[in-house]
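Note that the protein sequences, when read in sequence, are chains A and B.
Take the position in the first sequence, starting the count at 1, then add 43; the result is the number in the working numbering.
Take the position in the second sequence, starting the count at 1, then add 43; the result is the number in the working numbering.
Quick reminder that beta carbons are idealized off the backbone N, C-alpha and C, glycines included.
There are 2 protein chains.
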Amino acid sequence: MAITTGLAPESRPCVVVIGGGFGGVAAARALARAPVEVTLVDRRNHQLFQPLLYQVATGSLDSCDIAEPLRSLFRRQHNIDVILGDVDEIDPQARRIHVRGGNGAGEEPRTLVYDYLILATGGGQSYFGHDEYEQYAPGLKSLEDALEIRRRVLLAFELADRETNPEAKRELTTFVIVGAGPTGVELAGALADLAHRTPQSEFHHLDLQRARILLVEGGPHVLPAYPPHLSASAERQLRALGVEVRTGAIVSHVDERSVTIGEERIPARTVLWAAGVAASPLARQLGIPLDRHGRVEVSADLRAPGSSSVFVIGDLASLESRGVPVPGVAPAAMQEGRHAAKNIERLVAGRGTLPFRYWNKGTISTIGRRRAVADMGWVQLSGFMAWIAYLGVHLFYLVGIRRRLVVCIDWIWSYFSRTRSARVLTDTAEGERARAHHHQLPAVTGTSSR
Amino acid sequence: MAITTGLAPESRPCVVVIGGGFGGVAAARALARAPVEVTLVDRRNHQLFQPLLYQVATGSLDSCDIAEPLRSLFRRQHNIDVILGDVDEIDPQARRIHVRGGNGAGEEPRTLVYDYLILATGGGQSYFGHDEYEQYAPGLKSLEDALEIRRRVLLAFELADRETNPEAKRELTTFVIVGAGPTGVELAGALADLAHRTPQSEFHHLDLQRARILLVEGGPHVLPAYPPHLSASAERQLRALGVEVRTGAIVSHVDERSVTIGEERIPARTVLWAAGVAASPLARQLGIPLDRHGRVEVSADLRAPGSSSVFVIGDLASLESRGVPVPGVAPAAMQEGRHAAKNIERLVAGRGTLPFRYWNKGTISTIGRRRAVADMGWVQLSGFMAWIAYLGVHLFYLVGIRRRLVVCIDWIWSYFSRTRSARVLTDTAEGERARAHHHQLPAVTGTSSR
Numbered sequence: 044m045a046i047t048t049g050l051a052p053e054s055r056p057c058v059v060v061i062g063g064g065f066g067g068v069a070a071a072r073a074l075a076r077a078p079v080e081v082t083l084v085d086r087r088n089h090q091l092f093q094p095l096l097y098q099v100a101t102g103s104l105d106s107c108d109i110a111e112p113l114r115s116l117f118r119r120q121h122n123i124d125v126i127l128g129d130v131d132e133i134d135p136q137a138r139r140i141h142v143r144g145g146n147g148a149g150e151e152p153r154t155l156v157y158d159y160l161i162l163a164t165g166g167g168q169s170y171f172g173h174d175e176y177e178q179y180a181p182g183l184k185s186l187e188d189a190l191e192i193r194r195r196v197l198l199a200f201e202l203a204d205r206e207t208n209p210e211a212k213r214e215l216t217t218f219v220i221v222g223a224g225p226t227g228v229e230l231a232g233a234l235a236d237l238a239h240r241t242p243q244s245e246f247h248h249l250d251l252q253r254a255r256i257l258l259v260e261g262g263p264h265v266l267p268a269y270p271p272h273l274s275a276s277a278e279r280q281l282r283a284l285g286v287e288v289r290t291g292a293i294v295s296h297v298d299e300r301s302v303t304i305g306e307e308r309i310p311a312r313t314v315l316w317a318a319g320v321a322a323s324p325l326a327r328q329l330g331i332p333l334d335r336h337g338r339v340e341v342s343a344d345l346r347a348p349g350s351s352s353v354f355v356i357g358d359l360a361s362l363e364s365r366g367v368p369v370p371g372v373a374p375a376a377m378q379e380g381r382h383a384a385k386n387i388e389r390l391v392a393g394r395g396t397l398p399f400r401y402w403n404k405g406t407i408s409t410i411g412r413r414r415a416v417a418d419m420g421w422v423q424l425s426g427f428m429a430w431i432a433y434l435g436v437h438l439f440y441l442v443g444i445r446r447r448l449v450v451c452i453d454w455i456w457s458y459f460s461r462t463r464s465a466r467v468l469t470d471t472a473e474g475e476r477a478r479a480h481h482h483q484l485p486a487v488t489g490t491s492s493r
Numbered sequence: 044m045a046i047t048t049g050l051a052p053e054s055r056p057c058v059v060v061i062g063g064g065f066g067g068v069a070a071a072r073a074l075a076r077a078p079v080e081v082t083l084v085d086r087r088n089h090q091l092f093q094p095l096l097y098q099v100a101t102g103s104l105d106s107c108d109i110a111e112p113l114r115s116l117f118r119r120q121h122n123i124d125v126i127l128g129d130v131d132e133i134d135p136q137a138r139r140i141h142v143r144g145g146n147g148a149g150e151e152p153r154t155l156v157y158d159y160l161i162l163a164t165g166g167g168q169s170y171f172g173h174d175e176y177e178q179y180a181p182g183l184k185s186l187e188d189a190l191e192i193r194r195r196v197l198l199a200f201e202l203a204d205r206e207t208n209p210e211a212k213r214e215l216t217t218f219v220i221v222g223a224g225p226t227g228v229e230l231a232g233a234l235a236d237l238a239h240r241t242p243q244s245e246f247h248h249l250d251l252q253r254a255r256i257l258l259v260e261g262g263p264h265v266l267p268a269y270p271p272h273l274s275a276s277a278e279r280q281l282r283a284l285g286v287e288v289r290t291g292a293i294v295s296h297v298d299e300r301s302v303t304i305g306e307e308r309i310p311a312r313t314v315l316w317a318a319g320v321a322a323s324p325l326a327r328q329l330g331i332p333l334d335r336h337g338r339v340e341v342s343a344d345l346r347a348p349g350s351s352s353v354f355v356i357g358d359l360a361s362l363e364s365r366g367v368p369v370p371g372v373a374p375a376a377m378q379e380g381r382h383a384a385k386n387i388e389r390l391v392a393g394r395g396t397l398p399f400r401y402w403n404k405g406t407i408s409t410i411g412r413r414r415a416v417a418d419m420g421w422v423q424l425s426g427f428m429a430w431i432a433y434l435g436v437h438l439f440y441l442v443g444i445r446r447r448l449v450v451c452i453d454w455i456w457s458y459f460s461r462t463r464s465a466r467v468l469t470d471t472a473e474g475e476r477a478r479a480h481h482h483q484l485p486a487v488t489g490t491s492s493r
């Protein structure tokens, strides 16, 4: 087995970053001028702008608009090596990780030695012990998830159009979203828009105005992390869009053709899961106790407890700042990434680490095409003004001029034309796999239309 | 089994169009004001702008830019029903077709009765009796093909970057394109551009300047359908781009790691097939003799021989116009589609059919990022001027304002920035399937970057 240390042939310390999401990329960038060699390992070749995934799932944006190749992000950074691969082992004693992937080249699996490790692998969807729901109710964590959801929704429209049995038609046009956090709320709003605003003339045998969008939440309010009056406003805005909101409703069963809430079985061909985050299993490799969500309870300087060299950031880290838990959102991950980088730079210089402090810039969630709620701390908005704030913030965060231009055109276009730009179904092997569960459904890839 | 007749409850004649490509869409559109009910059946939900597929394959365009949902194309046409499904049987005696697909809804397969049938299913890739080559050398006929090619090329770069054995590195950076018709030439030029213009700073262990692009043609010239001096110019332009052109070279074997030309084995991990068209097998259902390419030798009015109700158009039809075979290109398919529609309108009105005449508007093929050859009949261009003509023609043909805008931005952007906009690898079930043949390669979907 080849043992390499990324780029560094000389004596500069090696920092390995696992995970190319918001946290990992921010950390790697912040190390650009540090006297270290950085290796960034990710299973994908791109960074994903996750907060806009729901727009890909509902056909407003194309996957291209919210993903950026890692190589291109780091084109101008000279102390970094980007590796496409899966990490399947961390050995914190020997300070080594084990990377698989790309074996097509007859390449051996390889071992990377690190002086400092930044673990930023985030989390996946949690089904609360019911992993069998996953096949019926996909989550929204990756581009593939978004394209799978888009495929299911568009195909449900097609099937409903040709279905003659009214009951089956109803089942096909019932969409249930489980979980009313930001993802669930944004997905429900966008789906309601997609269904209710599709031009009637496109389907001759189907009234999409009557499509039923159900948002199911176990807790007493939608958007539980927001102040109560914003949660209430969000719920009113959702109802105005035609979304049926059910709070205090516990899902007791999901299968291919229905979801059961308590005792009530609701026939629905499309169920989407936005209810929980499961920490990446890689944390278990550290050999330390994890919290009940599988996260690492890091110390104030973001290091894993008892470790001098392993930092954990983003959704995989659990910590408090100013007495409040740091939320699992992109800005927190980025701040932690930059802070971990700063602490590594200090350690390399022989200095002590500093504790992390989260600066909450506020949160915004959209509800459909021109509503939102925003809690910026110093100001709270809802409705159209909050939506304008949302637009500004998200354009600001998207990387690259071209991206901003295209997203902008897509949004302006769909605002005025009420059409969707990304509604192409393609038949890939994804379809093959789906067929096993879901009989004969072609898959959606990419993108498109006017 | 349900028997329906598309939309028409009354006595208006039913026209069924199978295939939503250039020919089928042109025919269905031309029937908008005819006193008939039209049903368009396609396996996909979108029309594909096939002449630009090579740009999706090489990461310049996103799949969205070259596909348009059929429902959205026909939004304003009231006498048409669009059906997503696979036709697996044609019964020309009973004037019925049998449509499968979308069985997820528990829906029965259905039978459509037609008064007139337009068969426009085109063709797929032909491996000249060596279908086993397909797994090693994908063709370029659909969005899925383009995304699969993109996946293989981008992944070859990734694998080559981390490969340390020089021979294996060479094998990974050798790209062979079989067939030097327009598709092969455009693919070779775009690949050379992609490889040779990727910023050196993106790969630390790889010199893509040295990537080898081989274009293999069995005949004596590239672009054999062009006049000899344009073929020669195309060959010179390809060489200037760094493409190795081999004419008179017969491929005798293809496997996972090489292609053999005559006796010479060339190690190459990526082989692409652009060498032949196989007519859609649906033609066999008509129960009439086909030509040696599996096409229907239609009569001058575009009807299948001996049939009063079946029209065949596009790549599936074989005929001469003014003593010359009509070529298998988009403008010919569109002209035939409109002509078949006109003849059906005449038949419905109790009049006779008219013979088809092909109007050759000329052909253009690009070679890389700013060269081309164009044969417009009255004028022949090569080099930069031909490329400008190509740009104009293709923007003109793309449907929809937004599409034109985005394609334009992408092109202008990549012209100036020399970067690619569509380079995201995603790991889908396509990857799963590919692993069987190709070990561990994540799949490319959609799209993107700056």
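Taking each of B:Thr409, B:Glu278, B:Gly357 and B:Asp174 in turn and checking the Cα distance to aspartate 298 of chain B, the smallest one comes out for B:Asp174. Within the same chain, Cβ atoms closer than 6 Å to the Cβ of glycine 380 of chain A are found at Gly66, Ala69, Ala70 and Ile356, the five residues on either side in sequence being excluded. Contact with chain A is found for glutamate 245 of chain B, since one of that chain's Cβ atoms lies less than 8 Å from the residue's Cβ. In the structure shown, aspartate 174 of chain B falls within a helical segment according to DSSP collapsed to helix, strand and coil.
The beta carbon of isoleucine 256 of chain A sits closer than 7 Å to those of Phe218, Ala231, Leu234, Ala235, Ala238, Gly285, Val286 and Glu287, all from its chain and outside the five residues before and after it, given in chain order.
Interface flag for proline 242 of chain B against chain A is set, since a Cβ pair is found closer than 8 Å.
In this structure, DSSP gives histidine 437 of chain B a helical state, which the three-state scheme calls helix. Aspartate 105 of chain A is positioned such that its CB atom lies closer than 8 Å to that of cysteine 107 of chain B. Shown here for aspartate 129 of chain B: same chain residues with a beta carbon closer than 6 Å to its own, the five before and five after excluded, namely Arg86, Arg143 and Gly144 in chain order. Looking only at A:Arg327, A:Val416, A:Val422 and A:Gly420, the smallest Cα-Cα distance to tyrosine 433 of chain A is reached by A:Val416. Ranked by Cα distance from lysine 184 of chain B, the options B:Gly224, B:Ser352, B:Tyr97 and B:His121 are led by B:Tyr97.
Only those residues of the stretch 75–90 of chain B whose C-beta falls short of 8 Å from the nearest C-beta of chain A are listed: Arg86, Arg87, Asn88 and His89. For the stretch 176–225 of chain A, the full-length beta strand (DSSP E) segments reaching 3 residues or more read 217–221 along the chain. Just measuring C-alpha positions, the residue of B:Ile109, B:Phe427, B:Val79 and B:Thr207 sitting nearest glycine 64 of chain B is B:Ile109. In the assembly as shown, phenylalanine 92 of chain B is a buried residue. Its beta-carbon has 16 or more other beta-carbons within 10 Å. Looking at the DSSP output, aspartate 124 of chain B sits in a beta bridge with B:Thr82. The closest CA to that of alanine 360 of chain A, considering only A:Gly165, A:His89 and A:Val58, is found on A:Gly165. For the stretch 356–393 of chain B, there is no continuous beta strand (DSSP E) assignment of 3+ residues that stays within its boundaries. In the three-state reduction of the DSSP assignment, tryptophan 430 of chain A falls in the helix class.
The straight-line gap separating the alpha-carbon atoms of proline 348 of chain B and leucine 160 of chain B is approximately 14 Å. Annotation: arginine 308 of chain B to tyrosine 401 of chain B spans about 43 Å, alpha carbon to alpha carbon. Among the residues facing chain A, leucine 237 of chain B is not included, as its CB has no counterpart in that chain under 8 Å away. If the five residues before and after proline 56 of chain B are omitted, its C-beta is found closer than 6 Å to the C-beta atoms of Val79, Asp158 and Val391, all from its own chain and listed in chain order. In the DSSP annotation of this structure, leucine 397 of chain A is not part of any beta strand (DSSP E), being labelled neither H nor E. For alanine 311 of chain A, the secondary structure class from DSSP, reduced to helix, strand or coil, is coil. For glycine 66 of chain B, the enclosing alpha helix (DSSP H) stretches over residues 65–73. Secondary structure note for glutamate 111 of chain A: its beta strand (DSSP E) is the uninterrupted segment 110–112. Listed along chain B are Ser244, each with a C-beta nearer than 8 Å to that of arginine 119 of chain A. Here DSSP, grouped into helix, strand and coil, assigns glutamine 423 of chain B to strand.
Considering only beta carbons, the part of the stretch 126–140 of chain A lying closer than 8 Å to chain B consists of Ile126 and Leu127, in chain order. Between glutamate 278 of chain A and alanine 73 of chain A, the alpha-carbon positions lie close to 40 Å from each other. Its Cα nearest to that of alanine 322 of chain A, the residue A:Tyr170 stands out among A:Glu388, A:Pro270 and A:Tyr170. Bounds of the alpha helix (DSSP H) holding histidine 272 of chain B are 271–283. Neighbours of aspartate 124 of chain B in chain A, taken as residues at a C-beta separation under 7 Å, are given in chain order as His247. According to DSSP, phenylalanine 354 of chain B shares a beta bridge with B:Ile161 and B:Arg346. In the structure shown, the three-state DSSP call for leucine 155 of chain A is strand.
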